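Written out below as structure tokens is the structure these notes cover.
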Amino acid sequence: MATALSGHNPGGRGPNQRKGRILGIIDAIQDAVGPPKQAAADRRTVEKTWKLMDKVVRLCQNPRLQLKNSPPYILDILPDTYQHLRLIQCKYEESQRLTQLSENDYFKVYIESLMKKSKRAIRLFKEGKERMYEEQSQDRRNLTKLSLIFSHILAEIKAIFPGGQFQGNTFRITKADAGEFWRRFFGEKTIVPWKVFRQCLHEVHHISSSLEAMALKSTIDLTCNDYISVFEFDIFTRLFQVNFTLLIFSCFFNTYFPSHVLSLLVEFGNDPPPFLLLGLPK
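For the record, in the sequence shown the residue sitting at position 24 is 11 according to our numbering, with numbers rising by one throughout.
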């Protein structure tokens, strides 16, 4: 492996209105048939993802970037992600279960998401060019946002594959009522498409508008892959002390809750230090 890692329009008329109807039909079909089937995360796909991650690391190692060694620090996050993926692969190689790993629903979604985020980071450098070296530029802010997403991606894989072994189907959700909700609707699934999660949640908590749904999604989908994992659900329900009547708080989350505190909470998982919990909504 490469060394960098080792170390719509309302009231519209005419064509626009027809387009809106067509898009609505397409969306209805997608809701009915579900998300597209994920490709197997085989060795070749995983190694391709590593190469993309390595390219991101090399781009971020440019001294002109002057990245600060403070969370979320992408030059630590991506190598750590690589190392944990290597651990997972080794564990499954030893037990001759690589095919089982490559067909794991969670792992397939995870690898595809990691690959897409890596490609996005590479494209950011390609399109941003000199602006990437300006600390206050929008391109640099976008890199920081991606770094935060990568940190959530790392925390999630460590929680779902502790010690390199899959534990997603037995992951313990901290709050009892939240765990009961997940088991009632999703059983032992580790990850579900956002649209499926939203529909199930709507059965116990009315989501009154598309804006509320968007705010909720941007809060709970930490890895920004249009899926909700049991890990993300656990973080969300602990963060807001959710009892399925308090979800309105999600509309205010992105404005009022410090992103660095969320990042730390994700990192510490089920054992956050007391100081992190002092400012949490009750």
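Positions of the beta carbon are idealized from the N, C-alpha and C atoms, including for glycine.
For clarity, every value in this text was computed on a predicted model and none was experimentally measured.
Burial is judged here by how many other beta carbons sit within 10 angstroms of a residue's own beta carbon; Asp213 has fewer than 16 and is exposed. Lys55 and Ser100 have their alpha carbons spaced roughly 26 Å apart. A straight line joining the alpha-carbon of Arg159 with that of Lys116 spans about 44 Å. Residue state for Ser205 is assigned as helix, using DSSP reduced to three classes. Around the beta carbon of Thr157, fewer than 16 other beta carbons sit within 10 angstroms, so the residue counts as exposed.
Asn91 is classed as buried because its beta carbon has at least 16 other beta carbons within 10 Å across all chains shown. With 16 or more neighbouring CB atoms inside 10 Å of its own CB, Leu135 falls in the buried class.
In the pairwise beta carbon analysis, the region 124 to 143 is classified as not touching the region 179 to 193: fewer than three pairs are separated by under 8 Å. Between Gln152 and Lys78, the C-beta spacing is below 7 Å.
Between the region 82 to 91 and the region 190 to 207, the count of C-beta pairs closer than 8 Å stays below three; the two stretches do not touch. DSSP, read as helix, strand or coil, puts Ile147 in helix.
Excluding residues up to 5 positions away in sequence, Met102 lie with their Cβ nearer than 8 Å to the Cβ of Lys35 in the same chain. For the 7 Å CB-CB criterion, Leu111 and Ile64 do not form a contact.
Where Ser100 is concerned, the enclosing alpha helix (DSSP H) starts and stops at Asp92 to Gly115. A check of alpha carbon separations from Thr210 across Glu114, Pro149, Trp181 and His192 identifies Trp181 as the nearest. By a beta-carbon distance limit of 8 Å, Leu(-8) contacts Val44. Their separation comes to about 6 Å.
Annotation: Asp41 to His192 spans about 43 Å, alpha carbon to alpha carbon. In the DSSP assignment, Pro66 falls outside any beta strand (DSSP E) and within the unbroken alpha helix (DSSP H) covering Ile61 to Glu81.
In the DSSP secondary-structure assignment, Ile215 is bridged to Val179. Per DSSP, reduced to three states, the secondary structure at Pro50 is helical.
Collapsing the DSSP output to three states places Thr131 in a helix. When DSSP states are grouped into helix, strand and coil, Ala26 belongs to the coil group.
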